[in-house]
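A short write-up of the structure that comes next.
Number of protein chains: 2
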Amino acid sequence: MDEIGIGEVVRRSGVPASTLRYYEERGLITCVRRQGLARVFSVAVLEQLALIGVCRTAGFSLDEILLMFSPDGRPSPNREMLAAKADELDETIRKLALMRDDLRHAAACRAPTHMECPTFRRVLGQF
Amino acid sequence: MDEIGIGEVVRRSGVPASTLRYYEERGLITCVRRQGLARVFSVAVLEQLALIGVCRTAGFSLDEILLMFSPDGRPSPNREMLAAKADELDETIRKLALMRDDLRHAAACRAPTHMECPTFRRVLGQF
DNA sequence: GTCCTAGTTCAAGTCGGCTTGAGGTCAAGT
DNA sequence: ACTTGACCTCAAGCCGACTTGAACTAGGAC
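Put into structure tokens, the structure is as follows:
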């Protein structure tokens, strides 16, 4: 069967039950039906949760995620918005890559202060 | 002179004065001296703010940033931690790149539902 | 001297994103 | 029949990161 209880969702996604209920309340996920009071989810919710997780990491708010994807994981019909979000991500990724390079450099660099380090200053100039 | 008032910092960094005071209170930045009550900053604070901004975008909390960089912008002496943060960033960047590709794909894709789209499923499998 | 502008303090409020707690439901096991 | 364990609801609480507001100060223009 591809139907699972909330405990199984917690076990397989790592997302706490309280968060799942909260996400449902916010309209980010839905359960296929109830069995008594207990929610019954489709296994597909695991993919939706993965999607939500990445979006959260990307710095999107729950409201933004709602706008981007409907609760069944469909992308929003607003294709312009999706493309705009992709552009936002490009910019974020570019900065994070610089940041990562800088952190790696900082972990190795022996310049007396970070701000005096030419490598760092070159990196920071691009922000 | 390389000393500027808070208004100038706001103007040049885009960070509101209330946030600057809050960051100072949290120990993320410092002013070089006071003139009466008014804070006087070094222009270097602009670079520190850029650094803080990128770290925030990267999803680091203010406490984490404090641990990574001292208020003068020096990296933490804990080089292992910096390297670990860099690794975290690598992982984040990898996910965001997938996410971005997926968003771009979603903006163009005509599959009836997103979850049925083979491209998307391939992408999601990697999260 | 007094008014304006730019700054200040400190406490309280806001907002997003959850978490916690008290008390209830329900099916299964003994 | 009763207990256990997994689930539920609903209201309230919490945390991080700021923001807002009220009341104060300091320096310059008039």
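Here the protein sequences come in this chain order: A and B. If you want my numbering, it's the position in the first sequence, counting the first as 1, plus 1048. If you want my numbering, it's the position in the second sequence, counting the first as 1, plus 1048. Beta carbons: idealized from backbone N, C-alpha and C, even for Gly. Bear in mind the structure is a predicted one, so any value in this text is a computation, not a measurement.
Around the CB of Ser1061 (chain B), 16 or more other CB atoms lie within 10 Å, so the residue is classed as buried. A direct Cα-Cα distance of roughly 43 Å separates Lys1133 (chain B) from Leu1085 (chain A). For Gly1053 (chain A), the enclosing beta strand (DSSP E) covers residues Glu1051 to Gly1053. With three or more CB-CB distances shorter than 8 Å, the segment 1068-1079 of chain B counts as touching the segment 1103-1116 of chain B. Counting C-beta atoms within 10 angstroms of its own C-beta, Glu1095 (chain A) has 16 or more neighbours from the protein chains shown and is therefore classed as buried.
Nearest to Arg1104 (chain A) by alpha-carbon distance, out of B:Gly1055, B:Arg1059 and B:Lys1143, is B:Lys1143. Going by beta carbons, Val1091 (chain A) and Ile1052 (chain A) fall inside the 7 Å limit. Contact check for Leu1130 (chain A) against Ala1154 (chain B) passes: the beta carbons are separated by less than 7 Å. When CB distances to chain B are screened at a threshold of 7 Å, the residues of the segment 1126-1146 of chain A falling below it are Arg1127, Leu1130, Ala1131, Lys1133, Ala1134, Leu1137, Asp1138, Thr1140, Ile1141, Lys1143, Leu1144 and Ala1145, in chain order. Going by beta carbons, Leu1099 (chain A) and Val1063 (chain A) fall outside the 7 Å limit.
DSSP, reduced to helix, strand and coil, places Val1080 (chain A) outside both helices and strands of the structure shown, so it counts as coil.
By the beta-carbon neighbour count (other beta carbons within 10 angstroms, threshold 16), Arg1087 (chain B) is buried. Per DSSP, reduced to three states, the secondary structure at Val1058 (chain A) is helical. Shown here, Ser1090 (chain A) sits in a strand according to DSSP, grouped into three states. The C-beta separation of Val1093 (chain A) from Val1057 (chain A) comes to about 6 Å, placing the pair in contact by the 8 Å criterion.
Bounds of the alpha helix (DSSP H) holding Leu1068 (chain A) are Ala1065 to Arg1074. Secondary structure at Cys1103 (chain A): helix, using DSSP grouped into helix, strand and coil.
Taken through DSSP and simplified to helix, strand or coil, Leu1085 (chain A) comes out as coil.
At a cut-off of 7 Å between beta carbons, Arg1059 (chain A) makes no contact with chain B. When CB distances to chain B are screened at a threshold of 9 Å, the residues of the segment 1091-1102 of chain A falling below it are Ala1092, Glu1095, Gln1096, Ala1098, Leu1099, Gly1101 and Val1102, in chain order. Using a CB distance below 7 Å, no part of the segment 1061-1072 of chain A faces chain B. Within chain B, no residue has its beta carbon less than 8 Å from that of Leu1076 (chain A); the closest one is some 14 Å off. Taking Ala1145 (chain A) as reference, the option from B:Ala1065, B:Asp1135, B:Tyr1070 and B:Arg1082 with the minimal CA-CA separation is B:Asp1135.
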